[in-house]
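Student: First residue of the sequence shown: 1, per full-length UniProt numbering; consecutive thereafter. Questions regarding the structure given below will be posed in turn.
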Amino acid sequence: MAWLSLSPPELLFFICCIHLFIYYFRYFVSSKHKQPTVPVCWPVVGMMPALIFNIHDLHAWATGILQVTGCNFFFSGGWFPGMKLFGTCDPLNIQHIFTSNFKNYPKGEEFTDIFDIVLGDGIFNSDGDVWRTQRVKMQQLITHSCFHAYVAKSSRDKVEKALLPFLAHAAKQGHAIDLQDVCLRFTFDIATKLVFGVDPNSLSIGLPTVPFARAMDDAMASVLFRHAMPVVIWKLLQKLNLGTEKKLANARKVIDRFVEETIEKRRAEKKETKQIEYCPDLLSSYIDDSETGQVDKFFWLLMQNPHVEEKILGELKSVPKSFTSDGMAIFNPEELTKLVYLHAALSEALRLYPPVPFEHKGVVKDDMLPSGFLATPGVKILISTYSMARMEGVWGKDCSEFKPERWISDNGKLKYEPSYKFLSFNTGPRTCLGKNMAFTQMKAAVAAVVYNFYFEVVEGHVITPKISIILQMKNGLMVKVKQRNVV
Ligand code: HEM
Numbered sequence: 001m002a003w004l005s006l007s008p009p010e011l012l013f014f015i016c017c018i019h020l021f022i023y024y025f026r027y028f029v030s031s032k033h034k035q036p037t038v039p040v041c042w043p044v045v046g047m048m049p050a051l052i053f054n055i056h057d058l059h060a061w062a063t064g065i066l067q068v069t070g071c072n073f074f075f076s077g078g079w080f081p082g083m084k085l086f087g088t089c090d091p092l093n094i095q096h097i098f099t100s101n102f103k104n105y106p107k108g109e110e111f112t113d114i115f116d117i118v119l120g121d122g123i124f125n126s127d128g129d130v131w132r133t134q135r136v137k138m139q140q141l142i143t144h145s146c147f148h149a150y151v152a153k154s155s156r157d158k159v160e161k162a163l164l165p166f167l168a169h170a171a172k173q174g175h176a177i178d179l180q181d182v183c184l185r186f187t188f189d190i191a192t193k194l195v196f197g198v199d200p201n202s203l204s205i206g207l208p209t210v211p212f213a214r215a216m217d218d219a220m221a222s223v224l225f226r227h228a229m230p231v232v233i234w235k236l237l238q239k240l241n242l243g244t245e246k247k248l249a250n251a252r253k254v255i256d257r258f259v260e261e262t263i264e265k266r267r268a269e270k271k272e273t274k275q276i277e278y279c280p281d282l283l284s285s286y287i288d289d290s291e292t293g294q295v296d297k298f299f300w301l302l303m304q305n306p307h308v309e310e311k312i313l314g315e316l317k318s319v320p321k322s323f324t325s326d327g328m329a330i331f332n333p334e335e336l337t338k339l340v341y342l343h344a345a346l347s348e349a350l351r352l353y354p355p356v357p358f359e360h361k362g363v364v365k366d367d368m369l370p371s372g373f374l375a376t377p378g379v380k381i382l383i384s385t386y387s388m389a390r391m392e393g394v395w396g397k398d399c400s401e402f403k404p405e406r407w408i409s410d411n412g413k414l415k416y417e418p419s420y421k422f423l424s425f426n427t428g429p430r431t432c433l434g435k436n437m438a439f440t441q442m443k444a445a446v447a448a449v450v451y452n453f454y455f456e457v458v459e460g461h462v463i464t465p466k467i468s469i470i471l472q473m474k475n476g477l478m479v480k481v482k483q484r485n486v487v
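Below, the structure written as structure tokens:
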């Protein structure tokens with residue numbers, strides 16, 4: 001037989017192809033519409049074929065597995081080094097990893113390697129003393145009252161001068177717009193102004209091309225591939241400047257160019273930055289991380305749940321407001337802090353659609369997790385924030401529903417949920433430092449938009465996830481904008 005004359009590497013390749021073929025057949029032909037199952041662990045390639053075939057819908061796939069395995073799952077990458085993954089969304093494990101035994105679970109060298117090209121050596125990408133020093137510095141900046149006032153004012157200004165006029169124009173024209181793109185531009189402009197003191201005005205009628213945004217998309221997709229690929233493979237691609245690594249290298253050039261040009265612009269303008277100093281840490285961890293551009297999912301949830309929109313509107317009616325020259329209502333961020341239902345609805349949207357859908361931790365030395373899994377050095381721990389929201393054992397039978405009410409207690413006040421359960425802003429010593437600021441920005445945008453407009457999803461528009469480390473919609477969110485007249 002011809003295959004008997006194959007050399008060992010050829011034989012290995014042949015066996016891999018047969019495995020992939022069988023898997024492909026099982027996945028696409030026989031197991032369509034089946035309940036989620038634990039992936040098959042093949043000789044040599046382990047569970048890699050399953051990962052490759054599901055990468056387009058990674059978070060839903062991982063959720064299915066974690067639902068059937070009870071929140072914990074060990075993924076074997078076969079012979080590939082560095083592909084021993086432990087996936088978890090078990091609150092007890094999370095509390096242990098992020099808080100009780102924090103020191104044993106740094107982000108680790110592999111994380112630094114994976115994110116190096118996007119995050120450099122900023123706060124997001126460092127561990128130990130380097131991280132601690134940056135965190136202290138950043139905390140001083142973010143908790144300063146001037147900083148809060150600056151964020152509140154800049155969010156209000158952007159809503160009044162860019163977001164509302166843009167939507168009013170879209171409503172008048174009657175064209176469909178991509179609401180995800182609008183939200184990303186809104187966040188991008190605020191973040192750039194905050195960090196550099198320069199507003200790129202990417203959210204303006206005509207929607208100018210933003211090469212930086214495209215570059216960030218490419219970078220986020222390539223970084224996800226780095227997570228899913230054995231280290232040796234992506235490092236080889238990087239050396240040869242091929243595939244996703246080529247995309248990533250090009251994206252990095254665009255990002256660097258944008259940062260250099262913006263700093264130059266700032267210098268040229270010679271503006272006095274009284275409220276906030278130029279801060280390179282803030283730059284790398286905030287601008288490079290487009291997590292706040294997430295209110296698009298919120299608006300999508302509102303379109304699916306008009307009763308929630310009604311309740312938010314009801315709450316907004318009682319809030320003092322001012323009016324733009326076009327007669328559109330605008331709110332003061334301080335007034336919005338008191339609104340319980342709006343806060344609950346935003347928390348609920350962030351629970352179901354956390355902008356950072358998974359976290360990554362390394363292991364320093366052997367340690368038994370509360371679930372009974374022995375974590376050893378070399379195992380990569382992936383914590384699925386996205387899956388956590390969909391576990392009945394954690395959030396109850398209605399976990400997959402959008403229900404702001406779950407955040408409100410019987411006395412009408414906001415209910416406390418521990419952060420190892422509501423992981424969207426992380427938990428433990430590395431908790432997000434910008435949580436309050438993010439709520440201020442989201443409320444400023446949502447309140448003004450909901451009060452003045454409503455949206456209808458364009459018929460036939462398909463919502464599918466984008467391959468990225470940030471939760472985003474592949475085809476955007478195409479909507480028609482309608483002006484609302486509140487009585
Ligand atoms: C909806 C908006 C936001 C969400 C969902 C969010 C979520 C997160 C998450 C999940 C982390 C942990 C990341 C990791 O360790 O891998 C994080 C960290 C961080 N976030 Fe946010 N964030 C948001 C907005 C902001 C804003 C507006 C700022 C403002 C500057 C900010 C500043 C930070 C910083 C500095 C860290 C690093 C903390 C550390 O490692 O010690 N975040 N955030």
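Cβ atoms here follow ideal geometry from the backbone N, Cα and C, with glycine treated the same way.
Assign K482 to buried or exposed, taking buried as 16 or more other Cβ atoms, counted over all protein chains shown, within 10 Å of its Cβ.
Tutor: Result: exposed.
Student: Any idea what DSSP makes of P429, helix, strand or coil?
Tutor: Helix.
Student: State the Cα-Cα distance for the pair V457 and D296, rounded to the nearest angstrom.
Tutor: For V457 and D296, the distance between alpha carbons rounds to 12 Å.
Student: Using a 10 Å radius around the Cβ and a threshold of 16 neighbouring Cβ atoms, would you call H96 buried or exposed?
Tutor: Buried: at least 16 other Cβ atoms inside 10 Å.
Student: My understanding is that L471 touches D178, with C-beta atoms under 8 Å, so please give their C-beta distance in whole angstroms.
Tutor: Contact flag wrong, Cβ pair sits at about 16 Å.
Student: If you compare alpha carbons, which of F147, I142, F98 is closest to D127?
Tutor: The option with the nearest alpha carbon to D127 is F98.
Student: Does N250 come out as helix, strand or coil in the three-state DSSP assignment?
Tutor: Helix, per DSSP.
Student: Using DSSP with H/G/I as helix, E/B as strand and the rest coil, what is K480?
Tutor: Of the three classes helix, strand and coil, the one that applies to K480 here is strand, per DSSP.
Student: Whose CA, out of V446, K380, A228, L58, lies closest to the CA of L313?
Tutor: Considering only alpha carbons, the answer is V446.
Student: In three-state terms, what does DSSP make of I467?
Tutor: Residue state, collapsed to three classes: coil.
Student: So for V486, helix, strand or coil by DSSP?
Tutor: Residue state, collapsed to three classes: coil.
Student: Quick check: does the Cβ of F102 come within less than 7 Å of any heavy atom belonging to ligand 1?
Tutor: No, ligand 1 has no heavy atom inside 7 Å of this Cβ.
Student: Taking the alpha carbon of M368 as the point to measure from, which residue in S100, W61, C41 has its own alpha carbon closest?
Tutor: Nearest of S100, W61, C41 to M368, Cα basis: S100.
Student: Sorry if obvious, but does the Cβ on E359 come closer than 7 Å to a heavy atom of ligand 1?
Tutor: Result yes, Cβ under 7 Å from ligand 1.
Student: Under the three-state reduction of DSSP, which class applies to I123: helix, strand or coil?
Tutor: Three-state result, I123: helix.
Student: Evaluate G174 with the Cβ neighbour count: other Cβ atoms within 10 Å of its Cβ, from every protein chain shown; 16 or more gives buried, anything less gives exposed.
Tutor: That one is exposed.
Student: Using 10 angstroms around the beta-carbon of P359, count the other beta-carbons present and answer buried if the total reaches 16, otherwise exposed.
Tutor: Correcting the residue type first, residue 359 is Glu in the shown sequence and not Pro. When all chains shown are included, E359 counts as buried.
Student: Report the partner residues of H360 according to the DSSP bridge assignment.
Tutor: Per DSSP, L382.
Student: I'd like the span of the beta strand (DSSP E) that includes G435, first residue to last.
Tutor: The residue asked about is misnamed: residue 435 is Lys in this sequence, not Gly. Where K435 is concerned, there is no enclosing beta strand (DSSP E), although the alpha helix (DSSP H) it sits in stretches over 435-452.
Student: Give the secondary structure of V340 by DSSP, where H, G and I count as helix, E and B as strand, and everything else as coil.
Tutor: Three-state result, V340: helix.
Student: Distance, Cα to Cα, R390 vs R214?
Tutor: Distance between the alpha carbons of R390 and R214 is about 31 Å.
Student: In the DSSP output, what is N72 paired with across the bridge?
Tutor: Paired residues: T88.
Student: For ligand 1, any of its heavy atoms closer than 7 Å to the Cβ of F188?
Tutor: Checking every heavy atom of ligand 1 against the Cβ of F188, none is found closer than 7 Å.
Student: Mark V182 as exposed unless 16 or more other C-beta atoms lie within 10 angstroms of its C-beta, in which case mark it buried.
Tutor: It counts as buried.
Student: Could you pull the start and end residues of the alpha helix (DSSP H) that F323 belongs to?
Tutor: Looking at the DSSP string, F323 is not in any alpha helix (DSSP H); the run it does join, the beta strand (DSSP E), is 321-323.
Student: Among P39, T187, F80, which has the Cα closest to the Cα of T63?
Tutor: Selected option, being the one with the closest Cα: P39.
Student: Determine the closest residue to L433 out of I123, G393, E260, with distance taken between C-alpha atoms.
Tutor: Nearest of I123, G393, E260 to L433, Cα basis: I123.
Student: With C-beta atoms as the reference, is S145 less than 8 Å away from L194?
Tutor: No, Cβ-Cβ distance for S145 and L194 is not below 8 Å.
Student: Give the DSSP-derived three-state secondary structure of G46 in the structure shown.
Tutor: It is a strand residue.
Student: Answer yes or no: do L203 and L163 have a C-beta to C-beta separation smaller than 8 Å?
Tutor: Yes, they are a contact pair.
Student: Where does N485 land, buried or exposed, given buried means 16+ other C-beta within 10 angstroms?
Tutor: By the 10 Å Cβ count, N485 comes out exposed.
Student: For D218, which option in F439, K247, P49 has the closest C-alpha, if you only look at C-alpha atoms?
Tutor: When each option's Cα is compared against that of D218, the closest is K247.
Student: Could you pull the start and end residues of the alpha helix (DSSP H) that F331 belongs to?
Tutor: From DSSP, F331 is part of no alpha helix (DSSP H) but of the beta strand (DSSP E) over 329-331.
Student: Rounded to a whole number of angstroms, what is the C-alpha to C-alpha distance between Q441 and V462?
Tutor: So the alpha carbons of these two residues sit roughly 28 Å apart.
Student: Check each candidate in M48, P49, M47, Q67 and name the one with the smallest Cα separation from W395.
Tutor: Looking at the Cα atoms, Q67 is the closest of the given residues.
Student: Give me the Cα-Cα distance between N452 and I52, rounded to the nearest whole angstrom.
Tutor: Cα to Cα, N452 sits roughly 44 Å from I52.
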